[in-house]
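Novice: Every letter in the sequence shown is one number past the one before it in UniProt numbering, and letter 333, counting from 1, is 333.
Please see the structure below; I have some questions.
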Amino acid sequence: MDGNTQVTPEVETLQPTRTPLRAHLRNPRVRLGLAIGLGLLVLLGLFRFMADRAAYVSTSDARIAADMIAVSTDISGKITSQRVSVGDMVKTGDVLYTIDDREAAYTLAEFEAEANRLRAEIAREEARIGLASSKAGSEVAARRAGTQSASASVEAARSNLETAQRDYDRTQGLFDRGLVPQSALDQSRNALDTARQGLLRAEADRDSARAEQRTASIQGEEVRLIELDLGVLRASLQQAEARVDAQRVVLEQHTIRAPIDGVIDELFYDTGEHSLRGFRVALMHDPDAVWVSANIKETDIRKIETGADVRVKADSHPGTKITGTVTKIHNATLGESALMPNPNANGVFTKITQRITVRIDLDDPGLRLRPGTMVTVRIRKQPSKTSA
1 MDGNTQVTPE VETLQPTRTP LRAHLRNPRV RLGLAIGLGL LVLLGLFRFM ADRAAYVSTS
61 DARIAADMIA VSTDISGKIT SQRVSVGDMV KTGDVLYTID DREAAYTLAE FEAEANRLRA
121 EIAREEARIG LASSKAGSEV AARRAGTQSA SASVEAARSN LETAQRDYDR TQGLFDRGLV
181 PQSALDQSRN ALDTARQGLL RAEADRDSAR AEQRTASIQG EEVRLIELDL GVLRASLQQA
241 EARVDAQRVV LEQHTIRAPI DGVIDELFYD TGEHSLRGFR VALMHDPDAV WVSANIKETD
301 IRKIETGADV RVKADSHPGT KITGTVTKIH NATLGESALM PNPNANGVFT KITQRITVRI
361 DLDDPGLRLR PGTMVTVRIR KQPSKTSA
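Written as structure tokens, this is what we have:
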């Protein structure tokens, strides 16, 4: 048995299966049915396309956006450590960088020492006020009592003088009549002179006591001077404490912390580099607070209003259904907000349809959408707007 006798039956069995299909395709009715079916599919697709165009404004000029936080430093200095890496999730207050803070720490210690010195001086002056007040009070009371005693002594001496004067006048009259001897008159004159001297001495003591009382009163004014000095010291302490607080802020600025909960997108310094005041050191955003920034043609913007429902298709997640809502429509085109607008100075003009930015807040998609990734949006038209 050769190979030709084996192939022939197989060819004969295949031919009957091909013949009916070709025959059906040659049948005019089958061809007409296929043409009608294809036409219906085309019409259905066209109908769906027109219905979609009538109900939605669509654009592929849209992307995921977020508030990109540029973290900057308030001081210049050498970076001593980098605590995070690109892509890390951080919480508010987490340390991103540390800057060499030795000089700031020494300055803070100096200011704190000055404040402590002023507190010690204030405590000393307050103690002096207590002692001076007590001493001045006791001294004034004692001198007042001495003045009163001296005044009483003057009155007693004056009374003694008056008594001695009457005794002398009486003795002088008796002596003139020859009733008393000369010795009695001399003794009476001596007593009168002694009384005069006693009055003068008592008056001198009184004047001295009054002077001492005034001196004690003047010493009491020293308390007021100490209180004035104390006021100056307290003002100096407030100034020193303000310097301490300001230096603590400076010291805290040497530690750069995350301002929000988010993810680190970029780091611009490495350990050992020198940072500059006001320059950004990191870029971050909150992955839970992203939205869609869509650029809509000016010819379609009248068909959109805030609150409109939006369907979003993310290129990074093509099979995921994402919805959102229009929350803001800008009042100027992208060209007006460009850094270098085109004034058309050469006179050549080509009319180009302008685009206006629309913000779309997303419903929680449960996805990690990254800023800058492209999306396609379909915004439902608002009948009230179109009718207007």
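Ideal Cβ positions, reconstructed from N, Cα and C, are used throughout, including at glycine.
Hey, is residue 98 close to the ligand PLP, as in C-beta under 6 Å from one of its heavy atoms?
Specialist: Of ligands this structure carries none, so the ligand PLP is not represented either.
Novice: Buried or exposed: residue 284, going by 16 or more other Cβ atoms within 10 Å of its Cβ?
Specialist: For the purposes of this step, residue 284 is taken as residue 284 along the sequence shown, with counting starting at 1. Per the 10 Å Cβ criterion, buried.
Novice: Going by C-alpha distance, which of 266, 298, 370 and 251 is nearest residue 105?
Specialist: Within the sequence shown, numbered from 1, the residue matching residue 105 stands at position 105. Closest option to residue 105, Cα to Cα, is 251.
Novice: Between the stretch 65-81 and the stretch 313-324, can you find at least three pairs of beta-carbon atoms closer than 8 Å?
Specialist: Between the stretch 313-324 and the stretch 65-81 there are fewer than three inter-stretch CB-CB distances shorter than 8 Å, so the stretches are not counted as touching.
Novice: Under 7 Å between the Cβ atoms of residue 75 and residue 253?
Specialist: In the sequence shown, residue 75 corresponds to position 75, counting from 1. In the sequence shown, residue 253 corresponds to position 253, counting from 1. Contact flag set, yes.
Novice: Who are the near neighbours of residue 373 in its chain, counting only those whose CB is closer than 6 Å to its CB and skipping five residues on each side?
Specialist: Position 373 of the sequence shown, counted from the start, is the residue given in the question as residue 373. Hits under 6 Å: 64 and 316.
Novice: Using only CA atoms, which one of 199, 223 and 159 lies nearest to residue 126?
Specialist: Mapped onto the sequence shown, residue 126 falls at position 126. Checking every option, the nearest Cα to that of residue 126 belongs to 223.
Novice: From residue 266 to residue 299, what distance separates their C-alpha atoms?
Specialist: Reading the sequence shown from its first residue, position 266 is the one you call residue 266. Reading the sequence shown from its first residue, position 299 is the one you call residue 299. Their Cα atoms are separated by approximately 38 Å.
Novice: DSSP puts residue 72 in a beta bridge; with which residues?
Specialist: Translated into positions along the sequence shown, residue 72 becomes position 72. The beta-bridge partner set that DSSP reports for residue 72 consists of 280.
Novice: So, under 8 Å CB-CB, residue 389 and residue 115 are touching, yes? Tell me the CB distance rounded to an integer number of Å.
Specialist: No answer is possible for residue 389: it lies beyond the span of the chain, which begins at 1 and ends at 388.
Novice: Below 8 Å on the Cβ atoms is my guess for residue 73 versus residue 268; work out the distance and round it to an integer in Å.
Specialist: As a working mapping, residue 73 is identified with position 73 in the sequence shown. As a working mapping, residue 268 is identified with position 268 in the sequence shown. About 10 Å separates the two Cβ atoms, so there is no contact after all.
Novice: Take residue 301 as the anchor and find which of 329, 310, 173 and 291 has the nearest alpha-carbon.
Specialist: Mapped onto the sequence shown, residue 301 falls at position 301. Taking only the C-alpha atoms, the option nearest residue 301 is 329.
Novice: Just checking my contact of residue 58 with residue 264 at CB under 8 Å: how many whole Å lie between their CB atoms?
Specialist: Within the sequence shown, numbered from 1, the residue matching residue 58 stands at position 58. Within the sequence shown, numbered from 1, the residue matching residue 264 stands at position 264. At roughly 35 Å, the Cβ-Cβ gap does not stay under 8 Å, so residue 58 and residue 264 are not in contact.
Novice: Measuring straight from C-alpha to C-alpha, what distance separates residue 275 and residue 71?
Specialist: Here residue 275 corresponds to residue number 275 of the sequence shown, with the count starting at 1. Here residue 71 corresponds to residue number 71 of the sequence shown, with the count starting at 1. Approximately 12 Å between the Cα atoms of the pair.
Novice: Per DSSP, which residues does residue 297 bridge with? Please list them.
Specialist: Numbered from its first residue, the sequence shown carries residue 297 at position 297. DSSP, once it has assigned bridges, lists 355 as partnering residue 297.
Novice: Based on the DSSP output, what are the partners of residue 362 in its beta bridges?
Specialist: Stepping through the sequence shown from its first residue, residue 362 is reached at position 362. DSSP lists 324 as partners of residue 362.
Novice: May I have the straight-line CA-CA distance separating residue 368 from residue 92, to the nearest angstrom?
Specialist: Within the sequence shown, residue 368 is the residue found at index 368, counting from 1. Within the sequence shown, residue 92 is the residue found at index 92, counting from 1. Roughly 20 Å between the two C-alpha positions.
Novice: Nearest-angstrom Cα distance between residue 244 and residue 286?
Specialist: Here residue 244 is taken as the residue at index 244 of the sequence shown, counted from 1. Here residue 286 is taken as the residue at index 286 of the sequence shown, counted from 1. Taking the straight line from one Cα to the other gives about 35 Å.
Novice: Would you check if the stretch 224-231 and the stretch 158-168 touch, i.e. whether three or more CB-CB distances between them fall below 8 Å?
Specialist: By the Cβ criterion, the stretch 158-168 is not in contact with the stretch 224-231, since fewer than three pairs of Cβ atoms, one from each stretch, lie closer than 8 Å.
Novice: Residue 197: buried (16+ other C-beta within 10 angstroms of its C-beta) or exposed?
Specialist: Looking up residue 197 in the sequence shown gives position 197. Burial call: exposed.
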